[in-house]
Ligand SMILES: Nc1nc2c(ncn2[C@@H]2O[C@H](COP(=O)(O)OP(=O)(O)OP(=O)(O)O)[C@@H](O)[C@H]2O)c(=O)[nH]1
Ligand SMILES: [Mg+2]
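Residue numbers (the working numbering): 691 to 1118.
Laid out in structure tokens, this is it:
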């Protein structure tokens, strides 16, 4: 984090409707606020079965909130749930502070972090879709500022002007949505071409997915160290929610030369705004096309079951639910459990432990390269390109020469085995 950046003091508020998960979701909200350069100075909670439709908190609690805002000298409130436009309007009126809900907060973090053009467009699209139904609030506020009246008190004289302002804003937003959608489609086309080129080479893809802060990028870096050709391709690791927003793909090679692509992807969080989930569909296309998913879980976190469920629900929501998956129960070094320990398709491990990464590599090899065949091929001397292709793309176990050509024993994937079947020799 940039230490010169000043932190905005905020009060966080939440409704305790689900006692089992409430405390954790407030802790997570405070972490999200920190990830957005905010400093939580006070937290106010109320136990209610359902939010007050007009003000979220009940009347008395709203008054208390107004007082806290004055006492703490803050001008921003962060709410743990998604609020309706009228709830936002009413709380802002009662407290004179800006209110941002959980969805708005996550969108702000993503907007501040997005690096690539595609991520920026995706976040913008999600924000626009979030703003559209809330437009009335901001439009009436803008009008209030112009006329010096408070919301709702403008009366009939302002309504006509307000509506046309609203219409104008709505059209501007809709135009921008169409434009961003178009730009994204173009970007996606370019990505598809890249992916198709990769598909042609038949290099299998493995994607790291999971809850934010679980250690996906740390595992990615560990694997680059262990198997990568150069280490300057490391990705960003940070003890902060949503450190990774863009998918990074690296080509790695197993010790026996079998190559695969490993991708590090954006992390998930509970109540991830659905606008954002939709927008990130194309970022997650790398995961959607993967041959194997490695779900990374912070095994040391008592809420890991919720995190696994959120990850799996989110993957389903984007239509990624039929790809083989193994689970990396990471950060075992923070626990008393011995590691690496393999239990079926689960691996208890630590991202910083070499033995764990070697074991993870073995799992990748077993799952991704299971359809490989060991074949003997006789390549005529005039087909030197086939020999170099095999040397680059297959696991060559043995090379001999005889009068007719090069005799190669190699492990081939299904596609290559078929492609070069005419050179295959019966094994004696
Ligand atoms: N003790 C311990 N810490 C770990 C391990 N793996 C990752 N971490 C730490 O956990 C924090 C988050 O790691 P990242 O690799 O950035 O997590 P991520 O899953 O990529 O997170 P996002 O990009 O935000 O989704 C960092 O502070 C890491 O140093 C581990 O095996 N053991
Ligand atoms: Mg990451």
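Heads up, the beta-carbon is just placed ideally off N, CA and C, and yes, glycines get one too.
Predicted model, so just to flag it, every value in this text is computed and none were measured.
- In the structure shown, residue 1101 adopts extended strand secondary structure according to DSSP, grouped into three states.
- Per the coordinates, the alpha-carbon of residue 937 lies some 11 Å from the alpha-carbon of residue 906.
- By the CB criterion at 8 Å, residue 809 and residue 797 fall outside the cutoff.
- Under the three-state reduction of DSSP, residue 709 is assigned to helix.
- Per DSSP, residue 1015 lies in no alpha helix (DSSP H) segment; the continuous beta strand (DSSP E) that holds it begins and ends at 1015 to 1020.
- Between residue 995 and residue 1021, the CB-CB gap reaches or exceeds 8 Å.
- For residue 800, the enclosing alpha helix (DSSP H) begins and ends at 792 to 803.
- In the three-state scheme derived from DSSP, where H, G and I count as helix and E and B as strand, residue 736 is classed as strand.
- With fewer than 16 other Cβ atoms inside 10 Å of its own Cβ, residue 1006 counts as exposed.
- For residue 1032, there is no enclosing alpha helix (DSSP H); the enclosing beta strand (DSSP E) has its first and last residue at 1031 to 1033.
- Residue 710 sits exposed, since fewer than 16 C-beta atoms from the chains shown fall within 10 Å of its C-beta.
- A residue is called buried once 16 or more other Cβ atoms fall within 10 Å of its Cβ, and residue 940 is buried on that count.
- For residue 775 against residue 731, the beta-carbon gap comes to about 27 Å, at or over 8 Å, which does not count as contact.
- By the C-beta criterion, the region 1048 to 1056 is judged not to be in contact with the region 1065 to 1074, since fewer than 3 inter-stretch pairs fall below 8 Å.
- Relative to the non-hydrogen atoms of ligand 1, the Cβ of residue 1106 never comes closer than 7 Å to any of them.
- When the beta-carbon positions are compared, residue 725 and residue 908 stay at least 8 Å from each other.
- Collapsing the DSSP output to three states places residue 988 in a strand.
- In the three-state scheme derived from DSSP, where H, G and I count as helix and E and B as strand, residue 945 is classed as coil.
- For residue 769, the enclosing beta strand (DSSP E) stretches over residues 766 to 769.
- With 16 or more other Cβ atoms from the protein chains shown falling within 10 Å of its own Cβ, residue 948 counts as buried.
- Cβ neighbours of residue 780 within its own chain (closer than 6 Å, five residues either side excluded): 744, 745.
- Between the region 951 to 964 and the region 853 to 867 there are fewer than three C-beta pairs closer than 8 Å, too few to call the two in contact.
- Straight-line spacing of the CA atoms in residue 1032 and residue 984 works out to 14 Å.
- By DSSP's assignment, residue 938 forms a beta bridge with 954.
- Straight-line spacing of the CA atoms in residue 1043 and residue 957 works out to 22 Å.
- Within the same chain, no residue comes within 7 Å of residue 928 by CB-CB distance, once the 5 residues on both sides are set aside.
- In the structure shown, the three-state DSSP call for residue 897 is strand.
- Distances from the CA of residue 1058 to each of 897, 762, 1011, 955 were compared; the closest alpha carbon is that of 897.
- DSSP, reduced to helix, strand and coil, places residue 704 within a strand of the structure shown.
- When beta bridges are read from the DSSP output, residue 788 appears opposite 766.
- Each of 769, 900, 1116, 1027 was checked against the Cα of residue 1002, and the nearest Cα belongs to 900.
- Comparing C-alpha distances from residue 1103 to each of 1079, 704, 736 shows the shortest one belongs to 1079.
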